[in-house]
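Student: Before I ask anything, let me first share the structure, which is written out below as structure tokens.
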Amino acid sequence: MKNSFLTLRLLDAIDMTVRVHGPMRRKGDGKPYLVHPIAVLSLLVKWEANEDTCIAGLLHDVIEDAGEDQKRTEYRKEILEKFGKNILEVVEGVTEQDKSLPWKKRKDLYLEHMKIASRESLLVSCADRTHNVQSLIESYVLKGEKIWSHFNAPKQEQMWFLGEVLRTLEERLDNRYIEELRANVEHLNELIC
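For the sequence shown, numbering that gives the first Met the number 0 begins at 0 and goes up steadily by one.
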């Protein structure tokens, strides 16, 4: 029986995700970073996203988390060569381009881009934020207020950003994609207030 889901392209994307994120740990909960791109993929599959969007979901943090400019350039080139221009554009659409900028400026630029981003980038962003907020809730339940020290901005700014992302996604995507994110943000607000 042929498995039409695990195409060679998707397997290549899984391979790249494991190679890049394999040794990394997540902020806040310290879990293996690989949990995150797999969770993003899972949401995209649940939403019946196309293969390119699923691949972009797996690779969404590869460029952003590469660190040095040379690595970022190498990963961009690899994504373009292996997966094509469309997937690179979706990944770039959810990637903070200049990590040297202050946190607030980076987030403002991200929010501005979301107003014109492709539907595919918005789906990846929604899946990314949905899992991030779910992880944040789990960490908050276990560690309380201490979790905020793992991030580059205080709780109030983090919550502002989540609220703005949710508002933009509510304007641009169907409710079926954002309902879990909305519920998670509401639950996190209840926990921290």
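Just so it is clear, CB atoms sit at the ideal spot from N, CA and C, and this is done for glycine as well.
Do you know offhand how far residue 27's Cα is from residue 149's?
Tutor: The residue given as residue 27 occupies position 28 in the sequence shown. The residue given as residue 149 occupies position 150 in the sequence shown. Distance between the alpha carbons of residue 27 and residue 149 is about 6 Å.
Student: What do you get for residue 4, buried or exposed, if any count of 16 or more other CB atoms within 10 angstroms of its CB means buried?
Tutor: Locating residue 4 in the sequence shown gives position 5, counting from the first residue. By the 10 Å Cβ count, residue 4 comes out exposed.
Student: If you measure between the beta carbons of residue 59 and residue 93, is that distance less than 8 Å?
Tutor: Numbered from its first residue, the sequence shown carries residue 59 at position 60. Numbered from its first residue, the sequence shown carries residue 93 at position 94. It is a contact, given that the beta carbons lie within the stated cut-off.
Student: Tell me the DSSP secondary structure of residue 31 in three-state form.
Tutor: As a first step, residue 31 is located in the sequence shown; it is residue number 32 there, counting from the start. Strand, per DSSP.
Student: May I ask you to report which of helix, strand or coil DSSP gives residue 166?
Tutor: In the sequence shown, counting from the first residue as 1, residue 166 sits at position 167. Reduced to three states, the DSSP call for residue 166 is helix.
Student: Run the CB neighbour count on residue 29, radius 10 Å, all protein chains shown included, and call it buried at 16 or more, exposed below.
Tutor: Indexing the sequence shown from 1 puts residue 29 at position 30. Here residue 29 is exposed, its C-beta having fewer than 16 other C-beta atoms within 10 Å.
Student: In terms of residue numbering, what span does the alpha helix (DSSP H) encompassing residue 191 cover?
Tutor: Within the sequence shown, residue 191 is the residue found at index 192, counting from 1. Run containing residue 191: 174-191, per the alpha helix (DSSP H) assignment.
Student: Give me, in chain order, the residues of the same chain whose beta-carbon lies closer than 8 Å to that of residue 165; leave out the 5 immediate sequence neighbours on both sides.
Tutor: Here residue 165 corresponds to residue number 166 of the sequence shown, with the count starting at 1. Cβ within range, chain order: 128, 177, 180, 181 and 184.
Student: Who pairs with residue 24 in a beta bridge, going by DSSP?
Tutor: For this step, residue 24 is matched to residue 25 along the sequence shown. DSSP lists 31 as partners of residue 24.
Student: Short of 7 Å in beta carbon distance, which residues of its chain neighbour residue 186, apart from the five on each side in sequence? Order them along the chain.
Tutor: Counting from 1 along the sequence shown, the entry for residue 186 is found at position 187. For residue 186, where only same-chain residues beyond five positions count, the Cβ hits under 7 Å are 136.
Student: Rounded to whole angstroms, what is the Cα-Cα separation between residue 67 and residue 83?
Tutor: Counting from one through the sequence shown, the residue named residue 67 turns up at place 68. Counting from one through the sequence shown, the residue named residue 83 turns up at place 84. Computed Cα separation, rounded: 23 Å.
Student: Rounding to the nearest angstrom, what Cα-Cα distance links residue 32 and residue 57 in this structure?
Tutor: One-based indexing of the sequence shown puts residue 32 at position 33. One-based indexing of the sequence shown puts residue 57 at position 58. When rounded, the distance between both Cα atoms is 12 Å.
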